[in-house]
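Let me begin by presenting the structure, written as structure tokens, before commenting on it.
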Amino acid sequence: FEETGRYVNLGLTHIKYRFQVVDDLARQYDLLLVDHPFIRTAARNGLFVPMGDYVPTLELVTLQEQSAGPSFKSYLYDDHLWALPVDAATQVSVARIDWFAREGRTLPANWGEVVLLAKETGGATSGKVGMPMAPMGLLCGFFSLYANQFEPPFIEDEWAIDTEKAAFVCQQLKDLYDIIGPEYLTQYPVALLNRMAQTDTLVYMPICFGYANYGMAGYAANRLTFGPLPGSRPNAARPDGATLGGVGITVSASSKYIETAVDYCRWVAGAECQSTIYALAGGQPANRVAWESPLLNSLTTNFYENTRETLEKAFVRPRFDGFHHFQTEAARLLQQFLRDGLPPEPVINQLKSTFETARHYAISH
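In structure tokens:
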């Protein structure tokens, strides 16, 4: 929901409204595509079918073994599996390799080189370097940069962010923001990827959710190449952790055709569909068999090979009721930090306070 940018902060009413939206969808449709941070809310309110009650055990074991990164794990909650992973994604870097080759430049290996590239290519005037900094893009970017250089920002549903390390990450983001300009506070991943693929005005983004179809010939005027995130250290780019995204498919508990709908989910999540029709039609599989396919890698400019280790080390965000409220508030605070030049420490303390309030609400309800 945050990706639409349509919602305003309404406190706890915000949480209830979001639940109402999901509840309405679950009553209207047999099949739903869901993000894993919503799983606890759905499980607690009985919106979805517990897939493990309908999928044979051996098949579930196979799907878990074939999971691309922690995709399968992200839909497990309260000892039940609430969706089957069909799309796997995490935040990675993306570049127009052809432009770098023409200019005789190498890809940035660390954050300092990202900032230097932005400066040398004209900053906001040229727009050669950018990053999606609309609310969720910025927040997930903060999480990814923290996880990539230090450790996961959360352990299960608990806060694990160190203030000093987080301040360092905030400064990294501010260093880039001060060069590329406020335009990016309203920019979402797909719009920027389209700009990269269709023009030469944007050629590199250090953090963005990966989309395999942009590496396919004929999808756009130019093919895009995805790879690991640049960290802060002087070594090569690091695949050491990022924010897990992706999508799972599930069945509404209100469906009159539960077994038929589950059978469809099993087919879509299975290795055969994922590594053939699903991927070839432009999907981004969550099954490791597809990620290891030489054919799919050749068709996507090695998207899967280039980003697989980053995905395998991706962390799963908390999934308690109210975490989406925290995300909305946290994204607003980070945008304010960049826009108004606030000191990072008070902002981080406010992030922690907002998280603990949302966590307390989840526990007490």
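Residues in the sequence shown are numbered from 1 upward in steps of one, following this note's numbering. Just so you know, even glycine gets a beta-carbon here, dropped at the ideal spot from N, CA and C.
Bridge partner(s) assigned by DSSP for residue i
i: residue 209; result: 91
i: residue 147; result: Per DSSP, none; premise fails for residue 147.
i: residue 315; result: 243
i: residue 204; result: 95, 129
i: residue 227; result: 93
i: residue 252; result: 48
i: residue 159; result: 154
i: residue 217; result: 220
i: residue 77; result: 80
i: residue 32; result: 250
i: residue 67; result: 287
i: residue 85; result: 248
i: residue 110; result: 231
Of the listed residues the options, nearest to residue i (C-alpha basis)
i: residue 366; options: 291, 319, 213; result: Coverage of the chain is limited to positions 1 through 365, which leaves residue 366 absent and any answer about it impossible.
i: residue 212; options: 87, 131, 26; result: 87
i: residue 354; options: 334, 341, 254; result: 334
i: residue 109; options: 293, 26, 117; result: 117
i: residue 111; options: 187, 282, 146, 289; result: 146
i: residue 152; options: 357, 362, 342, 313; result: 313
i: residue 201; options: 352, 100, 271; result: 100
i: residue 138; options: 44, 45, 205, 254; result: 205
i: residue 50; options: 208, 127, 80; result: 80
i: residue 337; options: 351, 325, 22; result: 351
i: residue 123; options: 191, 203, 166; result: 203
i: residue 279; options: 229, 263, 256, 298; result: 298
i: residue 283; options: 64, 191, 89, 55; result: 89
i: residue 43; options: 57, 356, 23; result: 23
i: residue 305; options: 210, 262, 254, 220; result: 210
i: residue 26; options: 47, 192, 185; result: 47
i: residue 83; options: 190, 262, 339; result: 262
i: residue 220; options: 240, 193, 241, 228; result: 193
i: residue 35; options: 45, 288, 72, 56; result: 72
i: residue 329; options: 308, 356, 98, 288; result: 356
i: residue 59; options: 271, 342, 308; result: 271
i: residue 341; options: 104, 173, 257; result: 173
Cβ shell of residue i (< 7 Å), same chain only, five flanking positions each side left out
i: residue 115; result: 175, 176, 179
i: residue 367; result: In the structure as shown, the chain starts at 1 and stops at 365, and residue 367 therefore has no counterpart that could be examined.
i: residue 267; result: 273
i: residue 421; result: Because residue 421 is not part of the residues shown, which for the chain are 1 to 365, the question remains open.
i: residue 55; result: 262, 266
i: residue 218; result: none
i: residue 254; result: 26, 27
i: residue 240; result: 148, 313
i: residue 63; result: 72, 84, 269
Own chain, CB closer than 6 Å to residue i, minus 5 neighbours either side, in chain order
i: residue 11; result: Unreliable placement is indicated for residue 11, whose pLDDT of 34 sits below 50; the coordinate value is still reported in the next sentence. Nothing listed; no residue qualifies.
i: residue 243; result: 91, 140, 143, 144
i: residue 316; result: 70, 74, 244
i: residue 359; result: none
i: residue 303; result: 212, 215, 226
i: residue 301; result: 215, 223, 225
i: residue 322; result: 15, 358, 361, 362
i: residue 364; result: none
i: residue 346; result: none
i: residue 181; result: 124
i: residue 308; result: 291
i: residue 98; result: none
i: residue 198; result: 220, 221
i: residue 264; result: none
Anticipated Cβ contact below 8 Å, residue i with residue j, distance rounded
i: residue 75; j: residue 40; result: That pair is no contact at about 11 Å.
i: residue 171; j: residue 344; result: 6 Å
i: residue 134; j: residue 187; result: 6 Å
i: residue 93; j: residue 230; result: 6 Å
i: residue 154; j: residue 318; result: 5 Å
i: residue 196; j: residue 96; result: 6 Å
i: residue 324; j: residue 132; result: With a Cβ gap of about 19 Å, residue 324 and residue 132 do not count as contacting.
i: residue 320; j: residue 157; result: 5 Å
i: residue 228; j: residue 208; result: At roughly 12 Å, the Cβ-Cβ gap does not stay under 8 Å, so residue 228 and residue 208 are not in contact.
i: residue 339; j: residue 185; result: 7 Å
Distance cut-off 7 Å: residue i Cβ against heavy atoms of the ligand FAD
i: residue 299; result: Ligands are entirely absent from the displayed structure, and the ligand FAD is therefore not among its contents.
Cut-off 8 Å between Cβ atoms - residues of its own chain near residue i, not counting five sequence neighbours on either side
i: residue 348; result: 161, 163, 166, 167, 170
i: residue 275; result: 285, 287, 289, 290, 293, 296
i: residue 257; result: 30
i: residue 119; result: 179
Quiz item: Below 8 Å, can you find three or more Cβ-Cβ pairs linking the stretch 243–251 to the stretch 25–32?
Solution: In short, these stretches touch, since the Cβ pair count reaches three.
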